[in-house]
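Enquirer: Before we start, here is the structure in question, set down as structure tokens.
Structural data, given as structure tokens:
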């Protein structure tokens with residue numbers, strides 16, 4: 609052994625320390641992976657610089673210990689890892705550290721440096737373990753979110769109409785393209801045979817995920833349930849709003865456009881609760897249908913008005929979500945571009961118009977961040993539906 613006051617093994621002793629550490633681990637029944645053994649060797653090579661009290665080499669030593677911890681903590685508990693990769697390693701360093709005097713003891717200054725090295729290893733392992741736990745939590749949270757989004761998507765799609773009613777003189781087409789973050793879009797077309805009325809509905813609920821999908825179901829059943837006993841579309845909207853205001857959280861808002869179509873007269877009564885885009889195309893012109901009342905779920909006793917339109921063959925009524933007009937990163941798709949797509953395809957069926965809008969938006973935005981939902985109503989000749 610050398611007799612100087614140093615904590616640093618020479619190059620030959622590095623190998624002795626490493627071998628001594630491996631022997632200690634084997635005696636305790638531990639099988640050290642080759643990669644871990646290599647990382648311990650790298651840690652030993654920076655030990656000499658560490659005891660020289662250089663700030664840069666202290667950082668290098670910490671990084672080497674952190675890399676080692678990241679590797680081994682994936683296979684064992686922290687207390688076991690510290691026992692093998694700190695305690696046994698420090699014992700091996702002590703075995704080959706230089707001793708002085710007749711008592712053959714390790715100088716105090718050397719012991720302090722070795723203890724400091726052990727503390728550095730402890731800190732690096734603690735941080736690595738914390739980072740691994742955070743990573744695990746993020747992974748588990750992501751898995752839970754993925755499961756929640758799958759459930760939300762199933763709920764959302766399950767609520768859509770199973771079949772479109774066949775009404776002479778009219779074509780109907782609805783589309784819902786869920787985004788990565790499932791939102792609260794919903795559309796519906798139903799034929800109420802008792803009054804020969806076709807109810808039309810497109811709603812957009814604030815929020816994403818399972819909560820939004822669940823609220824979609826509530827909006828569907830609440831508004832659908834109020835058809836019976838109501839004398840007009842505005843009354844349905846007013847009753848729906850009152851329930852949502854009372855029963856849902858204050859930060860939840862619902863925009864919805866709702867209509868009663870009377871096939872015999874080709875007239876439609878529309879109530880617009882703060883929704884956009886909503887417009888009627890006739891020939892070469894498209895007319896926006898404004899809001900006739902506030903968004904749902906905010907003002908308990910809000911009033912809603914109706915707008916009545918008579919549809920002629922060729923007229924196209926379009927309800928859409930803001931996921932259409934707001935699609936895009938640099939510049940939004942916009943209402944003007946949307947109207948041009950509808951007018952360009954006005955000679956085609958409602959299904960073709962709906963598909964053309966979806967294709968145009970998807971080609972423009974590639975991966976929209978919000979749901980794309982729409983409802984197209986096209987008036988046709990009685991024999992051409």
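Residue numbers (our numbering): 609 to 993. Ideal Cβ positions, reconstructed from N, Cα and C, are used throughout, including at glycine.
Tell me the DSSP secondary structure of residue 937 in three-state form.
Expert: Three-state DSSP puts residue 937 in coil, outside helix and strand.
Enquirer: If you compare alpha carbons, which of 933, 676, 717 is closest to residue 697?
Expert: Comparing Cα positions, the closest option is 676.
Enquirer: Helix, strand or coil: which one does DSSP assign to residue 840?
Expert: Residue 840: coil per DSSP, three-state reduction.
Enquirer: In or out: residue 830 buried (at least 16 other Cβ within 10 Å) or exposed?
Expert: With 16 or more Cβ atoms within 10 Å of its Cβ, residue 830 is classed as buried.
Enquirer: Between the stretch 945 to 957 and the stretch 902 to 921, are three or more C-beta pairs nearer than 8 Å?
Expert: The stretch 945 to 957, when compared against the stretch 902 to 921, does not touch it at the 8 Å Cβ threshold.
Enquirer: Looking at the structure shown, is residue 779 part of a helix, part of a strand, or coil, going by DSSP?
Expert: Here residue 779 sits in strand by DSSP.
Enquirer: Specify the secondary structure class of residue 981 as computed by DSSP and reduced to three states.
Expert: Residue state, collapsed to three classes: strand.
Enquirer: Suppose you measure from the CA of residue 975 to the CA of residue 684; what does that come to, to the nearest Å?
Expert: Rounded to the nearest angstrom, the two C-alpha atoms are 41 Å apart.
Enquirer: Taking all protein chains shown into account, do 16 or more other C-beta atoms lie within 10 angstroms of the C-beta of residue 626, making it buried, or fewer, making it exposed?
Expert: Buried.
Enquirer: Quick check on DSSP: helix, strand or coil for residue 968?
Expert: Three-state DSSP puts residue 968 in a helix.
Enquirer: At which residues does the alpha helix (DSSP H) containing residue 945 begin and terminate?
Expert: Where residue 945 is concerned, the enclosing alpha helix (DSSP H) stretches over 943 to 952.
Enquirer: Where in the stretch 878 to 931 do unbroken runs of the beta strand (DSSP E), each at least 3 residues long, occur, reported from the N-terminal end onward?
Expert: Whole beta strand (DSSP E) segments, 3+ residues: 886 to 890, 893 to 896, 915 to 918, 924 to 928.
Enquirer: Whole angstroms is fine: what's the gap from residue 598's alpha carbon to residue 874's?
Expert: Residue coverage of the chain in this structure runs from 609 to 993, which leaves residue 598 outside it and unanswerable.
Enquirer: Distance check for residue 865 and residue 886, CA to CA, integer angstroms please.
Expert: Near 8 Å, if we compare the C-alpha coordinates of residue 865 and residue 886.
Enquirer: Quick one: what does DSSP say residue 994 is sitting in, helix, strand or coil?
Expert: Missing from the structure shown is residue 994; the chain here goes from 609 to 993 and no further.
Enquirer: Does the stretch 903 to 911 come close enough to the stretch 853 to 863 to have 3 or more Cβ pairs within less than 8 Å?
Expert: Yes: the two stretches touch, three or more of their Cβ pairs being nearer than 8 Å.
Enquirer: Considering Cα atoms alone, identify which of 682, 641, 671, 686 is closest to residue 654.
Expert: Of the listed residues, the one whose Cα sits closest to residue 654 is 671.
Enquirer: Have a look at residue 923 and residue 868 and give me their C-alpha separation to the nearest angstrom.
Expert: About 16 Å.
Enquirer: Which class does residue 771 belong to by DSSP, given the choice of helix, strand or coil?
Expert: The answer is coil: DSSP assigns residue 771 none of H, G, I, E or B.
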